[in-house]
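Protein chains in written order, with the UniProt record's numbering: chain A, 1 to 201; chain B, 1 to 201.
Backbone N, C-alpha and C fix where the C-beta goes; we use that ideal spot for every residue, glycine too.
On a predicted model such as this, the values are computed, not experimentally measured, just so you know.
Notes follow the structure.
2 protein chains.
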Amino acid sequence: MTVRERREREREDRERRIIDAAREIAEAEGWDAVTTRRLAERIEYSQPVLYSHFKGKDAIMAAVAIDGFAELAAELRAARTEAGLAEVATAYTRFAETRPVLYETMFTSAVDLTFASTETPAPLQAGFGELREALRATNGDEDLDAQTEVFWASLHGLMTLMRGGRLRREDHDRRLALLLQRFSGQARRGSFQPGRGKWQV
Amino acid sequence: MTVRERREREREDRERRIIDAAREIAEAEGWDAVTTRRLAERIEYSQPVLYSHFKGKDAIMAAVAIDGFAELAAELRAARTEAGLAEVATAYTRFAETRPVLYETMFTSAVDLTFASTETPAPLQAGFGELREALRATNGDEDLDAQTEVFWASLHGLMTLMRGGRLRREDHDRRLALLLQRFSGQARRGSFQPGRGKWQV
DNA sequence: TTCAAATCCTAGCGCTGCTAGAAATGGGAG
DNA sequence: CTCCCATTTCTAGCAGCGCTAGGATTTGAA
């Protein structure tokens, strides 16, 4: 029995090393540089061993992404408990800026980590939860989930476009300030509606 | 001289066929399905011919992306001239939803189409310009460029997260309505500032 | 000491983007 | 009309990718 346990522990260690190595290489040189051969060499095992841990390269990317969500949630939490919405937004953008590849991985559509599902890994929901609590303080409970989604999407859009070179980096603070203005206090009701039934899926 | 012209015309035709074929396959089966061999077969030339037109596959993707920006700008323009901000936002989301792969291509960081540069292809700026004019009507001229960038980023974030499965599609209209509420009318001044000097690049 | 099961590796498949160098094409000069 | 040379185009192949079948090796238990 104790043998079985030791082996399982070794397996877990090895899995961690795979994830860590993948993340390390990806953050330094991009995911194209993360080849299965290189990963195998790094953990000092042969290629096929990787496939006894993960279904494929995408699964490894997903594992790295989940790590990223956990870290993001932790940093947002720290910013929220000792400060307000502005600091949370700043923490969010700092996360995306200091780990650009990790951040990109978390939202790559290749890695389909479905949200709002019962089997959604906890770290994913945690990050969202932190944003929601930060928003609750200034916006109240009305339509809070949707409000959070919109605020989150706005932050995400800012970071994505900036990383892709579509927005000048030096104007980021001003943009963040404008966004926070929009999201400070209760939303005004009504008047604007999207589309006139044009919207079809 | 007329021979030279004919050849150049044929070259341009062929280039168009490459771009169109790439876009067609990509929209139907994703960019992984767009291989150089398949493109070559489609235009009835050999592989190396592609490289006399484009530096590589990325360059072909960029060409498709530029086409996408031109189309987006045209559709936003139509929505703006005959309606208001809400309709422009709806047109934007409809574009992203009906051509998901094309939209994704336009903002993929692999395709680095730098904005806000003198040699930025015109179609890229056109789309941004349409959003700006739509915002001017309800928001005035104050800080208009930055306001537009934030609004654009918000829309982009919504579409990106929805496409990636992070946001439920059926709540999109409500989110769009909330966003439009936030962006209807003048921004309130001040009070919120991002970060306290924490922000470093 | 032997054996079966779990573990791991060697070798290789089919594919990718891309390119060097040979072959074919076609307009202009004699 | 014929020849030549520049341009265009193709054949063939490189190095690398993700992934896997099947055999070799290790390992704990009998």
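- [ ] Can you give me the start and stop residues for the alpha helix (DSSP H) that B/Thr81 sits inside?
- [x] Position 81 of the second sequence, counting from 1, holds the residue named residue 81 of chain B. It spans Lys57 to Thr81 - the alpha helix (DSSP H) in which B/Thr81 sits, taken as one unbroken run.
Task: Beta-carbon contacts of A/Leu124 that lie in its chain and below 8 Å, excluding the five residues immediately before and after - done: Your numbering for residue 124 of chain A matches position 124 in the first sequence. Same-chain partners within the cutoff: Ile66, Phe69, Leu113 and Phe115.
- [ ] Can you tell me which of the three DSSP states B/Phe107 falls into?
- [x] Here residue 107 of chain B refers to the residue found at position 107 of the second sequence. Reduced to three states, the DSSP call for B/Phe107 is helix.
TODO: Spell out a yes or no on whether the region 8 to 28 of chain B and the region 91 to 111 of chain B are touching, meaning 3 or more CB-CB pairs, one atom from each, closer than 8 Å.
DONE: yes
- [ ] Report yes if the C-beta of B/Arg38 is less than 6 Å from at least one heavy atom of the ligand NAD; otherwise report no.
- [x] Although the ligand NAD was asked about, the structure shown includes no ligands whatsoever.
TODO: Using a Cβ-Cβ cut-off of less than 8 Å, list which residues of the region 152 to 171 of chain A approach chain B; keep chain order.
DONE: Trp152, Ala153, Ser154, Leu155, His156, Gly157, Leu158, Thr160, Leu161, Arg163, Gly164, Gly165, Arg166, Leu167, Arg168, Arg169 and Asp171
Task: Contact under 7 Å by Cβ, B/Arg77 with B/Glu130 - done: Within the second sequence, the letter at position 77 stands for residue 77 of chain B. Within the second sequence, the letter at position 130 stands for residue 130 of chain B. For B/Arg77 and B/Glu130, yes; Cβs fall inside 7 Å.
Task: Neighbourhood of A/Glu87 by C-beta, 8 Å cutoff - its chain only, sequence neighbours within 5 removed - done: Within the first sequence, numbered from 1, the residue matching residue 87 of chain A stands at position 87. Cβ neighbours of A/Glu87 beyond the five flanking positions: Ala79 and Arg80.
Open item on the list: If we define contact as Cβ-Cβ less than 7 Å, is A/Arg7 a contact residue for chain B?
Closed with: Indexing the first sequence from 1 puts residue 7 of chain A at position 7. No, its Cβ sits nowhere closer than 7 Å to a Cβ of chain B.
Task: Integer-rounded CB distance, given that A/Thr138 should sit under 8 Å from B/Phe107 - done: By one-based count along the second sequence, residue 107 of chain B stands at place 107. By one-based count along the first sequence, residue 138 of chain A stands at place 138. Between A/Thr138 and B/Phe107 the Cβ distance is about 30 Å, and since that is not below 8 Å, they are no contact.
TODO: With DSSP as the reference, label B/Arg166 as helix, strand or coil.
DONE: One-based indexing of the second sequence puts residue 166 of chain B at position 166. Looking at B/Arg166 - three-state DSSP - the assignment turns out to be coil, as it is neither helix nor strand.
Open item on the list: Counting only C-beta atoms, is A/Arg99 closer than 7 Å to chain B at any point?
Closed with: For the purposes of this step, residue 99 of chain A is taken as the residue at position 99 of the first sequence. So, not an interface residue.
Open item on the list: Looking at chain A, is there any beta carbon in it that lies within less than 7 Å of the beta carbon of B/Ala146?
Closed with: The residue labelled residue 146 of chain B in the question sits at position 146 within the second sequence. For B/Ala146, the answer is yes, since a Cβ of chain A falls inside 7 Å of its Cβ.
Open item on the list: With a threshold of 7 Å between beta carbons, is B/Arg77 in contact with chain A?
Closed with: Reading the second sequence from its first residue, position 77 is the one you call residue 77 of chain B. No, B/Arg77 does not count as interfacial toward chain A.
Open item on the list: In whole angstroms, give me the CA-to-CA distance for A/Glu170 and A/Ser46.
Closed with: Locating residue 170 of chain A in the first sequence gives position 170, where the first residue counts as 1. Locating residue 46 of chain A in the first sequence gives position 46, where the first residue counts as 1. The straight-line gap from Cα to Cα measures roughly 46 Å.
Open item on the list: So, at 8 Å on beta carbons, what are the nonlocal neighbours of B/Leu144 in its own chain, with the 5 sequence-adjacent residues on each side left out?
Closed with: Translated into positions along the second sequence, residue 144 of chain B becomes position 144. Here the set comprises Arg132, Leu135 and Arg136.
- [ ] Flag residue 205 of chain B as yes if its beta-carbon sits less than 7 Å from any beta-carbon of chain A, otherwise no.
- [x] For residue 205 of chain B there is no data in the structure shown, the boundaries of chain B being 1 and 201.
Open item on the list: Less than 7 Å between CB atoms is the rule here; does A/Leu102 satisfy it with respect to chain B?
Closed with: One-based indexing of the first sequence puts residue 102 of chain A at position 102. Output row for A/Leu102: interface = no.
Task: With 16 other Cβ atoms within 10 Å as the buried cut-off, status of A/Ala96 - done: Translated into positions along the first sequence, residue 96 of chain A becomes position 96. When all chains shown are included, A/Ala96 counts as buried.
- [ ] Drop a sphere of 10 angstroms on the beta-carbon of B/Thr98, count the other beta-carbons inside from all chains shown, and report buried for 16 or more, exposed for fewer.
- [x] Against the second sequence, residue 98 of chain B aligns to sequence position 98. Under this definition B/Thr98 is an exposed residue.
Open item on the list: Taking the beta carbon of A/Ser52 as the centre, do at least 16 other beta carbons fall within 10 Å, making it buried, or is it exposed?
Closed with: The sequence position of residue 52 of chain A within the first sequence is 52, counting from 1. Classification for A/Ser52: exposed.
Task: 8 Å contact criterion, which B/Ala73 and B/Gly127 should meet: CB distance rounded - done: As a working note, residue 73 of chain B is residue 73 in the second sequence. As a working note, residue 127 of chain B is residue 127 in the second sequence. With a Cβ gap of about 4 Å, B/Ala73 and B/Gly127 count as contacting.
Task: Alpha-carbon to alpha-carbon, A/Thr120 and A/Arg6 - done: Along the first sequence, one-based indexing puts residue 6 of chain A at 6. Along the first sequence, one-based indexing puts residue 120 of chain A at 120. Their backbone Cα atoms lie some 29 Å apart in a straight line.
Open item on the list: Taking only three categories from DSSP, how would you classify A/Ser46?
Closed with: Counting from 1 along the first sequence, the entry for residue 46 of chain A is found at position 46. DSSP places A/Ser46 in coil when its eight states are reduced to three.
- [ ] Round the Cβ separation of A/Ala59 and B/Arg175 to the nearest angstrom and send it over; I've been treating them as touching at under 8 Å.
- [x] To locate residue 59 of chain A, count along the first sequence from 1; it is residue 59. To locate residue 175 of chain B, count along the second sequence from 1; it is residue 175. The Cβ separation is near 30 Å, so there is no contact.
Open item on the list: With a threshold of 7 Å on Cβ separation, who are the neighbours of A/Met162 within its own chain once the five nearest residues in sequence on each side are excluded?
Closed with: Locating residue 162 of chain A in the first sequence gives position 162, where the first residue counts as 1. Closer than 7 Å at Cβ, skipping near neighbours: Arg169 and His172.
Open item on the list: Which of the three DSSP states is assigned to A/Val34 in this structure?
Closed with: Reading the first sequence from its first residue, position 34 is the one you call residue 34 of chain A. Here A/Val34 sits in coil by DSSP.
Open item on the list: Strictly below 8 Å CB to CB, what residues from chain A border B/Arg175?
Closed with: The residue you call residue 175 of chain B lines up with position 175 of the second sequence. Simply Ala146, Glu149, Val150 and Ala153.
Task: Neighbour list for A/Arg182 in chain B, Cβ cutoff strictly below 8 Å - done: Here residue 182 of chain A corresponds to residue number 182 of the first sequence, with the count starting at 1. Ordered by position in chain B, the residues that pass the 8 Å Cβ test against A/Arg182 are Val150, Arg182, Phe183 and Ala187.
TODO: Determine, using beta carbons only, whether B/Glu135 comes closer than 7 Å to chain A.
DONE: Taking the second sequence and counting its residues from 1, the one referred to as residue 135 of chain B is at position 135. Here residue 135 of chain B turns out to be Leu, not Glu, going by the sequence shown. No, because no Cβ of chain A sits closer than 7 Å to the Cβ of B/Leu135.
- [ ] Rounded to whole angstroms, what's the CA-CA distance from B/Trp31 to A/Ala83? Just pull it up for me.
- [x] Counting from one through the second sequence, the residue named residue 31 of chain B turns up at place 31. Counting from one through the first sequence, the residue named residue 83 of chain A turns up at place 83. Distance between the alpha carbons of B/Trp31 and A/Ala83: 44 Å.
Task: Inter-residue Cα distance where the pair is A/Tyr92 and B/Glu10 - done: In the first sequence, residue 92 of chain A corresponds to position 92, counting from 1. In the second sequence, residue 10 of chain B corresponds to position 10, counting from 1. Each residue's Cα considered, the two are about 51 Å apart.
Task: Any C-beta of chain A under 7 Å from that of B/Phe95 - done: As a first step, residue 95 of chain B is located in the second sequence; it is residue number 95 there, counting from the start. No, its Cβ sits nowhere closer than 7 Å to a Cβ of chain A.
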